[in-house]
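For what it's worth, the UniProt record's numbering labels the leading residue of the sequence shown as 1, then goes sequentially.
Ideal Cβ placement from N, Cα and C applies to all residues, glycine included.
Please read these numbers as outputs of a predicted model, since none were measured by experiment.
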Amino acid sequence: MKNFIRGYCTAKGSEKYTSQFKDYSKDLYSTVHNLKLSGYGVGSYSPNGIKEISEIISMFEYLWNSGCNVIDTASNYQDGNSELAVGAFVKKQCLIDQGFRKGLFIATKAGLLSISDQ
């Protein structure tokens, strides 16, 4: 894991991120275990076919810039491309803002392998 990006969502980081959207609906965010999380998350599971990684990254960027700080992913989403896209998105955003990762909550699953993993 040579390119592993360390980090996780923190109370302070999620508060800083969500404060940018204070003019949005007061119900946009909920506090869960001291983390301020958007009431909607983005996932990239698609039963209708595999998307290009660049398309998935663009979707993440659009939603991040719109107030969404929750990503749901799994190794079998997009035949493994989802987690690659999450990694590329995080890496790109960390180059822009070192504190970025502290505002982003990522949920993933374990145990279900995609065809490419087998």
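Task: DSSP state of Ser25 mapped onto helix, strand, coil - done: Here residue 25 refers to the residue found at position 25 when the sequence shown is read from its first residue. Correct three-state label for Ser25: coil.
Task: Separation of Lys91 from Ile5, as counted between CA atoms - done: Here the question's residue 5 lines up with position 5 in the sequence shown. Here the question's residue 91 lines up with position 91 in the sequence shown. Inter-residue distance for Ile5 and Lys91 is about 7 angstroms (C-alpha atoms, whole angstroms).
Task: Three CB pairs or more closer than 8 angstroms across the stretch 50-64 and the stretch 78-92 - done: Three or more Cβ pairs closer than 8 angstroms define a contact, and the stretch 50-64 meets that threshold against the stretch 78-92.
Task: Reduced DSSP secondary structure (H/G/I, E/B, other) of Ser46 - done: Within the sequence shown, residue 46 is the residue found at index 46, counting from 1. In this structure, Ser46 counts as coil in the three-state DSSP scheme.
Task: Alpha-carbon to alpha-carbon, Asn3 and Val42 - done: In the sequence shown, the residue the question calls residue 42 occupies position 42. In the sequence shown, the residue the question calls residue 3 occupies position 3. Straight-line spacing of the CA atoms in Val42 and Asn3 works out to 24 angstroms.
TODO: Could you check the C-alpha separation between Cys94 and Gly111 for me, to the nearest Å?
DONE: Looking up residue 94 in the sequence shown gives position 94. Looking up residue 111 in the sequence shown gives position 111. Cys94 and Gly111: Cα-Cα distance of roughly 28 angstroms.
- [ ] Name, in chain order, the residues that DSSP records as bridge partners for Lys92.
- [x] Along the sequence shown, one-based indexing puts residue 92 at 92. Looking at the DSSP output, Lys92 shares a beta bridge with no other residue.
Task: Boundaries of the alpha helix (DSSP H) in which Ser14 is found, first to last residue - done: Stepping through the sequence shown from its first residue, residue 14 is reached at position 14. Its alpha helix (DSSP H) spans residues Ala11 to Ser19.
Task: In chain order, each beta strand (DSSP E) run of at least 3 residues that lies wholly inside the UniProt domain "NADP-dependent oxidoreductase" (54-110) - done: 70-72 and 105-107
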